[in-house]
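Presented below is the structure to which this report refers.
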Amino acid sequence: MRFPLLSARRLGLPRRAVSQILLTQLAIAAGVAVLATGLFLAPLGAQLDDQAMRRALAIAQSAAADPALAAGVLSSGASADSPVQSSAERIRRATGAEYVVVLDLDGIRRSHPSADRIGLPVSTDPSDALAGREVMEIDEGTLGRSARGKVPLLAADGEIVGAVSVGIAYDSVRDRLLGAIPGLLAYAGGALAAGALAAYLLSRRIQRQTRDLAFSDIAGLLAEREAMLHSIREGVIALAPDGRVRLVNDEAARLLGLAEDAADGCAGRPLEDVLGAGRTADVLSGRVTGRDLLTVQGSRVLVANRMPTEDGGAVATLRDRTELEHLGRELDSTRGLIDALRAQDHEHANRLHTLLGLLELGLHEEAVEFVTEVAGVHRTTAEQVTEKVHDPLLAALLVGKATVAAERGVPLRLAATSLLPDRLVDPGGLVTILGNLVDNALDAAAGSAAPLVEVELRAEGRTAVLRVRDSGPGVPAARREEIFTEGWSTKQPKAHRERGLGLALVRRLAERQGGSARAGEAADGGAEFSVVLPEALR
78 MRFPLLSARR LGLPRRAVSQ ILLTQLAIAA GVAVLATGLF LAPLGAQLDD QAMRRALAIA
138 QSAAADPALA AGVLSSGASA DSPVQSSAER IRRATGAEYV VVLDLDGIRR SHPSADRIGL
198 PVSTDPSDAL AGREVMEIDE GTLGRSARGK VPLLAADGEI VGAVSVGIAY DSVRDRLLGA
258 IPGLLAYAGG ALAAGALAAY LLSRRIQRQT RDLAFSDIAG LLAEREAMLH SIREGVIALA
318 PDGRVRLVND EAARLLGLAE DAADGCAGRP LEDVLGAGRT ADVLSGRVTG RDLLTVQGSR
378 VLVANRMPTE DGGAVATLRD RTELEHLGRE LDSTRGLIDA LRAQDHEHAN RLHTLLGLLE
438 LGLHEEAVEF VTEVAGVHRT TAEQVTEKVH DPLLAALLVG KATVAAERGV PLRLAATSLL
498 PDRLVDPGGL VTILGNLVDN ALDAAAGSAA PLVEVELRAE GRTAVLRVRD SGPGVPAARR
558 EEIFTEGWST KQPKAHRERG LGLALVRRLA ERQGGSARAG EAADGGAEFS VVLPEALR
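Okay, structure coming up:
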């Protein structure tokens, strides 16, 4: 059976967290002070008892070592004016003992502080001392409770002739113990005051950090935060001041390609260990600054924003723009095809007008030759592509790009060494790579003295090799790695999407398949981009 917890209000406690913490700390400090005082007093009492018994034993040993005392027991009787009584009283007064009693082998007192008790048997058992053993004890006698020491009394020949019993009043031990208590309590009170001050200062700091909230409010805020962070459809990553990951919500784990168990183990790890080196880690850690920064993680295009927190950490948000980028690129291609179709429409109208004129002039043979030539050019382009590129998606892409290139006045041709069978494992990925490279090549070659874009597609075993060359200005050697960075571009951004993602996607898609993407210089000038994809063919 589970019992519900009593609320702070039912217990009469304050609801604010800082007040509860302060009361708890004060209670702990007081309890520790009381406990420490008790733990100190307990052994102190035993220590004082032991000291009193040892002192009594030492006095008894000193008295028994006096040869005159043993001789007096043997030579004199039990009387108040005997030398034994005189010696014992002298020792008692000199040492401050409560009593010094000398007894013979029969247990008869030969000395006592009260003279009327001389000659009477002792009130406690003297057998141990008379048997030659030393005794330390706290016992009750005729003079009250006392700490006692008993030793045998030896004659000159070593024979036991009696015993010496010395007592120290137990009240004196108790007085010493009670006398130590005020000082001890003063120290305990000082420690308690210091603890209370420290508790107050700590509670004030906690009050500032918790915004003076109650424990129930803090628990509710934590539950709400967990529910909100893991339910929103936007990635959230919280970072500590030292760059370690504090939190990764479910959407961020999905966008970054982290497995569920890996995401749970991210807390406390450096960001570079979780994501690896790259632009994504640079953006999230703040090494790259700005708003709505684009980055590529795996096959996803992400938009990241980073907001610092008061403690020196940061919270970064991630949004998925992969589909938007794909739509933007498709829109670019569609617009290019529409422009090409519009140009072809004008060209087709001109050709029809030419054909109509030839027919009206009765030049039938010239009209037939004209139609054959026009139809042959388009058919030849398609046939050349399909002869060398057997994959239908890539072939269709190249035919479409050739139309766009012709409209822009840039010849697009296949290299003579091109030959790619229809055995691609991921034709969609290769379409994305080829489309980006051809678009960039057309932009670079347009406006050059002798514009040209050449595409080479070939297979080497199960490896696919793709090269795109253009007649543009080329890429400086110092920037051939930088151009593959997200956001790097020499072009003005379009209204519907950002620039600087095409080459980053090309390299990321190539590396995802275990391949590589590099930029170089073409043989006759311009740029040459090479992509090698191992295991790309079945």
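Mind the numbering: the sequence shown is residues 78 to 615 in this note's numbering, read in order.
Here a beta-carbon is modelled for each residue, glycine too, at the ideal position from N, C-alpha and C.
Residue burial is scored here from C-beta neighbours: Ser-495 has at least 16 other C-beta atoms within 10 angstroms and is therefore classed as buried. In this structure the stretch 225-233 touches the stretch 142-149; the number of beta carbon pairs closer than 8 Å is three or more.
When only Cα atoms are considered, Val-609 and Cys-343 end up about 33 Å apart. Ranked by Cα distance from Gly-367, the first of Gly-597, Gly-591 and Ala-393 is Ala-393.
In this structure, the CA atom of Met-130 is about 7 Å from the CA atom of Ile-215.
For Leu-582, the CB contacts under 7 Å within the same chain, skipping 5 residues up- and downstream, are Val-373, Thr-509 and Asn-513 in chain order. Around the beta carbon of Ser-191, fewer than 16 other beta carbons sit within 10 angstroms, so the residue counts as exposed.
When the Cα atoms are used, Gly-320 and Asp-359 turn out to be separated by approximately 11 Å. Judged by beta-carbon spacing, Leu-489 lies within the 7 Å limit of Val-530, meaning their Cβ atoms are closer than that value.
Under the three-state reduction of DSSP output, Leu-433 falls in the helix class.
Beta-bridge annotation (DSSP): Ile-237 is paired with Leu-231. Ala-391 is bridged by DSSP to Leu-316 and Pro-385. At a Cβ-Cβ threshold of 7 Å, Val-199 and Leu-180 count as neighbours.
Distances from the CA of Leu-332 to each of Gly-353, Tyr-277 and Arg-396 were compared; the closest alpha carbon is that of Arg-396. Ranking Ala-165, Gly-375 and Leu-182 by CA distance to the CA of Ala-354 puts Gly-375 first.
If you look at Ser-607, you'll find it in the beta strand (DSSP E) that goes 604-610. Beta-bridge partners assigned by DSSP to Ile-215: Ala-224. By the 16-neighbour rule on beta-carbons within 10 angstroms, Arg-167 is exposed. Taking C-beta separations shorter than 6 Å and ignoring five residues to either side along the sequence, the partners of Ala-523 in its chain run Arg-485 and Val-487, following chain order. Note: Ile-510 is not bridge-paired with any residue in the DSSP secondary-structure output. Counting only residues of its own chain and dropping the five nearest sequence neighbours on each side, Leu-511 has a CB closer than 7 Å to the CB of Leu-471, Leu-474 and Leu-543. DSSP places Arg-321 within a strand segment (E or B) once states are collapsed to three.
Classified as buried, Arg-585 has 16 or more neighbouring CB atoms from the shown chains inside 10 Å of its CB. Each residue's CA atom was taken as its position, placing Ala-604 and Ala-527 some 14 Å apart.
The C-beta of Ser-159 has 16 or more other C-beta atoms within 10 Å across all chains shown, which makes the residue buried. In this structure, Ser-242 lies away from Val-150, with their beta-carbon atoms at least 7 Å apart. Taken through DSSP and simplified to helix, strand or coil, Pro-347 comes out as strand. In the structure shown, Glu-175 adopts coil according to DSSP, grouped into three states. Relative to Gly-579, the option among Gln-590, Glu-537, Arg-539 and Asn-517 whose CA is nearest is Asn-517.
Annotation for Val-542: the continuous beta strand (DSSP E) segment containing it runs 540-547. In the structure shown, Arg-187 falls within a coil segment according to DSSP collapsed to helix, strand and coil.
In the structure shown, Pro-198 adopts extended strand secondary structure according to DSSP, grouped into three states. In the displayed model, Gly-244 falls within a strand according to three-state DSSP.
In terms of Cα proximity to Ala-174, the closest of Ser-204, Ala-135 and Asp-202 is Ala-135. Rounded to whole angstroms, Phe-447 and Ala-483 show a C-alpha spacing of 19 Å. Going by DSSP, Val-532 is part of no alpha helix (DSSP H) but of the beta strand (DSSP E) stretching over 530-537.
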